[in-house]
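Undergrad: Chains F and W supply the protein sequences, listed in that same order.
Count the first sequence with our numbering and you get residues 1 to 307, in order.
Count the second sequence with our numbering and you get residues 1 to 278, in order.
The structure that follows is given in the form of structure tokens.
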Amino acid sequence: MTQYIIRRLLQMIPITLGILTLIFSLIHLIPGDPAVQIAGEGARPEDVQNVRKSLGLDQPLWKQYVTYIGNLAQGDLGRSFRTNESVSKEIAARYPATMQLAFGSMLVALLVAFPLGIISAIYRNSWIDNVARFFALIGVSMPSFWFGPLLIIAFAINRQWFPVSGREEGLKSLVLPSITMGLALSAILTRMIRVSLADELGQLYVTTAIAKGVTRSKAIFRHALKNALIPVITILALQFGSLLTGAIITEQIFSWPGLGRLLIQSITTRDYPQVQASILVIALTYIMVNFLSDLLYGIVDPRIKLQ
Amino acid sequence: MKTFGRLIRNFAFMLGLVLTLLLIISALAAPLLSPHDPFHQDTSRRLEAPSDDHPLGLDDLGRDVLSRIFYGARVSLRVGFSVVFLASLIGITLGAIAGYFGGFVDMLVMRLCDILLSFPGILLAIALVAVLGPSLNNVVMALVITAWVGYARLVRGQVLKVREMEFITAARALGARSPRVIILHVLPNIMNPVIVMATLGLGGVILSEAALSFLGLGVQPPTPSWGAMLTSGRRYLGLANHLAIFPGAAIMLAVMGLNFLGDGLIDALDPKFRKEMR
């Protein structure tokens with residue numbers, strides 16, 4: 001196992017470096033003179049010079065890169081143009097909100113996908129299986145930026161059960177954003193559980209268990225489901241990463257004060273250090289989650305480690 | 001003929017085909033279909049609910065929503081086709097070169113793919129549009145940069161298989177040079193999965209364009225784009241729900257249609273591709 005972890009960690013190094021380079025180059029991709037663009041049209045030359053200096057744009061490129069990586073290693077992500085405070089402070093304040101939303105959506109997805117997936121695997125090709133199939137189809141085609149507003153119309157405006165936006169009302173505020181973001185995931189999971197469990201139910205060991213007198217429900221839940229969950233767990237962990245990017249849109253719909261909303265707000269105000277830092281944190285979390293899900297896969301399915 | 005028969009009997013494929021044709025017709029015939037000028041503002045009638053004259057109502061500037069949806073299809077399709085065309089061109093070229101020659105080139109292309117894949121696609125697109133500035137061309141570029149990877153990996157995998165076949169050895173033995181072998185012998189044999197990927201990819205691109213526009217990073221006003229229409233509609237939820245409902249429905253039907261079409265193609269062309277597409 002240790003060897004497997006080390007190998008995966010080593011594989012992460014070039015990828016992380018690649019992403020750091022990508023984010024570093026972003027500011028140099030700004031068309032024209034980045035300093036002029038950031039200071040704004042019609043800014044005084046000394047303001048432009050200030051921006052250039054504060055961002056280190058007057059230094060040679062390699063030096064900028066080394067400084068950037070060096071600062072990152074010390075946890076210094078830069079200062080916001082707008083507030084002049086450390087960008088990491090703003091990120092630390094927003095991170096929990098995004099995580100809460102991601103976990104909320106995952107919970108929604110599990111609550112929907114488990115019963116639906118299991119029932120449609122047991123009653124294959126029945127009406128309920130068809131309903132689940134239709135639901136999965138709608139779920140993956142429905143854009144969250146449409147589903148969210150529909151939920152707001154139905155449950156926050158027509159029936160005032162939940163707040164329209166914000167995070168002030170605690171768990172009540174979490175419900176609609178979580179459902180919005182959890183829909184696509186629950187659709188994917190439902191299909192996954194159905195296929196995986198249906199596969200296991202056709203295996204001989206299930207027939208053997210039933211032949212030996214085990215009740216059908218015990219054969220399903222004690223024997224087949226356990227094995228069927230292996231691929232499901234991996235998908236679930238992998239999808240957690242995509243929830244982070246989904247949060248960018250969902251947070252915008254519900255004015256949810258998380259990282260995604262911070263990113264879009266900083267883009268609008270051209271606060272480039274904040275933009276870079278937000279992207280970096282989302283990307284690194286994404287890589288980390290994928291790494292952990294790989295490890296998890298290795299743990300639940302020992303065959304993987306050999307590959 | 002067998003493939004054609006299978007397609008005709010596939011309900012999802014036919015539904016997808018109808019929805020996709022509707023999308024294409026809306027885009028091409030927008031000026032003929034639109035009951036009103038999509039840019040004409042009548043501020044005295046802003047946010048008006050659907051009526052006989054304006055079947056889908058009027059928006060926050062008093063423009064006809066139905067006409068703007070027809071014209072919005074143009075933006076969606078233009079971005080969709082441009083991205084899929086450019087991404088598949090880049091992806092097929094790099095994937096074929098990587099797969100055919102192997103070695104250092106292969107490693108380089110594949111590592112680049114790994115880096116781009118380890119980064120969530122929409123996040124990279126947002127980052128690029130954020131620094132380049134929002135415009136139709138920049139949206140296309142940002143989406144191409146993330147989309148070519150899928151084609152490159154698919155094509156490389158296919159080329160690796162085809163490369164070892166006897167007709168390739170025969171072509172080489174007859175003196176054909178590498179470019180000729182790749183273009184005339186390898187590529188025609190691996191196009192089916194690429195077509196499927198392109199069809200499915202088109203829906204994904206349309207969705208991404210709508211998402212970027214929704215975030216204010218896409219096509220700029222007054223050009224009608226479904227995503228941007230949804231954003232302004234969101235501000236009037238409760239007051240004028242039709243502004244959010246109809247553009248969203250258009251996006252969903254378009255994406256669903258293309259997904260059905262792609263799914264049907266997978267089953268008809270070769271079911272074993274389903275596994276390879278993942």
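For every residue, glycine included, the Cβ atom is placed at its ideal position computed from N, Cα and C.
#1: For A30 (chain W), does the three-state DSSP call read helix, strand or coil?
#2: Taking 8 Å as the threshold, find out whether the stretch 265 to 285 of chain F comes into contact with the stretch 148 to 158 of chain W through three or more Cβ pairs.
#3: Return the residue from the list F:I6, F:L57, F:P60 and F:Y95 that minimises the CA-CA distance to R261 (chain F).
#4: Listing by chain order, which chain W residues have their CB less than 7 Å from the CB of T285 (chain F)?
#5: Express the C-alpha separation of Q252 (chain F) and W226 (chain W) in angstroms, rounding to a whole number.
#6: Is P120 (chain W) close to chain F, meaning its C-beta is less than 8 Å from at least one C-beta of that chain?
#7: Expressed to the nearest angstrom, what Euclidean distance is found between the alpha-carbon atoms of R278 (chain W) and T169 (chain W)?
#8: Taking only beta-carbon atoms, is D114 (chain W) less than 8 Å away from chain F?
#9: Return the bridge partner residues of D64 (chain W) from the DSSP annotation.
#10: I believe S178 (chain F) touches I249 (chain F) by the beta-carbon criterion, under 8 Å. Please report the beta-carbon distance rounded to the nearest angstrom.
#11: If R311 (chain F) sits next to D294 (chain F), beta carbons under 8 Å apart, how far is it from one beta carbon to the other, in whole angstroms?
#12: Closest to G32 (chain F) by CA distance: which of W:L123, W:L132 and W:I122 is it?
#13: Against chain F, with Cβ distances strictly below 8 Å, would N259 (chain W) count as a contact?
#14: Once the 5 residues before and after V194 (chain W) are set aside, which same chain residues still bring their CB inside 7 Å of it?
#15: From the beta carbon of N10 (chain W), is the nearest beta carbon of chain F less than 8 Å away?
#16: Do L207 (chain W) and V255 (chain W) have their beta-carbon atoms positioned less than 8 Å apart in this structure?
#17: Kindly list, in the order they appear in chain F, the residues whose Cβ is closer than 9 Å to that of A211 (chain W).
#18: Quick check on I267 (chain F): buried or exposed, where buried means 16 or more other Cβ atoms within 10 Å of its Cβ?
#19: Buried or exposed for T215 (chain F), going by 16 or more other Cβ atoms inside 10 Å?
#20: How close, in whole Å, do the beta carbons of S232 (chain W) and L217 (chain W) come, if the pair is a contact with beta carbons under 8 Å?
#21: Taking 8 Å as the CB-CB limit, is Q252 (chain F) close to chain W?
#22: Where do the N-terminal and C-terminal ends of the alpha helix (DSSP H) with E209 (chain W) fall, by residue?
#23: Counting C-beta neighbours from all protein chains within 10 Å, is the total for T208 (chain F) 16 or more, i.e. buried, or is it exposed?
#24: For a contact meaning CB atoms closer than 7 Å, what does M256 (chain W) contact in chain F?
#25: Kindly list, in the order they appear in chain W, the residues whose Cβ is closer than 9 Å to that of L26 (chain F).
#26: Where do the N-terminal and C-terminal ends of the alpha helix (DSSP H) with E251 (chain F) fall, by residue?
#27: Distance cutoff 8 Å, beta carbons only. Does P257 (chain F) sit that close to anything in chain W?
#28: When you check each C-beta in the stretch 27 to 39 of chain F against every C-beta of chain W, which residues fall closer than 8 Å?
#29: Excluding the five sequence neighbours on either side, which residues of its own chain have a C-beta within less than 8 Å of the C-beta of M12 (chain F), listed in chain order?
#30: Could you tell me which residues DSSP puts in a beta bridge with R79 (chain F)?
#31: So that I know if they touch, is there some Cβ in chain F lying closer than 8 Å to that of R278 (chain W)?
#32: Comparing the C-beta of V275 (chain F) with each C-beta of chain W, is any distance below 8 Å?
#33: With a cut-off of 8 Å, does the C-beta of N241 (chain W) fall near any C-beta of chain C?
#34: How would you call Q160 (chain F), buried or exposed, if buried means at least 16 neighbouring beta carbons within 10 angstroms?
#35: Quick one, which of W:N192, W:T199, W:M197 and W:P247 has its alpha-carbon nearest F214 (chain W)'s?
#36: Under 8 Å Cβ-Cβ, which residues of chain F neighbour A244 (chain W)?
TA: The structure says:
#1: helix
#2: no
#3: Of the candidates F:I6, F:L57, F:P60 and F:Y95, the residue whose Cα lies closest to the Cα of R261 (chain F) is F:Y95.
#4: Under the 7 Å cutoff, chain W gives no residues; its nearest Cβ is about 10 Å from T285 (chain F).
#5: 17 Å
#6: yes
#7: The predicted model places R278 (chain W) with a pLDDT of 44, which falls under 50 and marks its position as unreliable; any figure quoted below should be read in that light. Whole-angstrom Cα-Cα distance: 30 Å.
#8: Residue contact with chain F for D114 (chain W): present (Cβ-Cβ distance below 8 Å to some residue of chain F).
#9: Per DSSP, the beta-bridge partners of D64 (chain W) are W:L58.
#10: In this structure S178 (chain F) is not in contact with I249 (chain F), their Cβ atoms being roughly 14 Å apart against a cut-off of 8 Å.
#11: With chain F covering 1 to 307 only, the question about residue 311 (chain F) has no answer from this structure.
#12: W:L132
#13: yes
#14: S88, I92, Y151, L154 and V155
#15: no
#16: yes
#17: P143, S144, F145, I248 and I249
#18: buried
#19: exposed
#20: Incorrect: roughly 15 Å between the Cβ atoms, too far for contact.
#21: yes
#22: M191 to F214
#23: Counting of Cβ neighbours within 10 angstroms places T208 (chain F) among the exposed residues, the total staying below 16.
#24: S141
#25: A127, L128, A130 and V131
#26: L225 to I253
#27: Output row for P257 (chain F): interface = no.
#28: Listed in sequence order: I27, L29, I30 and P31.
#29: I287 and F291
#30: In DSSP, R79 (chain F) forms a bridge with F:S86.
#31: With a pLDDT of only 44 at R278 (chain W), under the threshold of 50, the placement of this residue in the model should not be trusted; the figure read from the coordinates follows. Output row for R278 (chain W): interface = no.
#32: yes
#33: Absent here is chain C; the protein component of the structure consists of chains F and W.
#34: Looking at its Cβ environment, which holds fewer than 16 other Cβ atoms inside 10 Å, Q160 (chain F) is exposed.
#35: Checking every option, the nearest Cα to that of F214 (chain W) belongs to W:P247.
#36: W146, P149, L150 and I153
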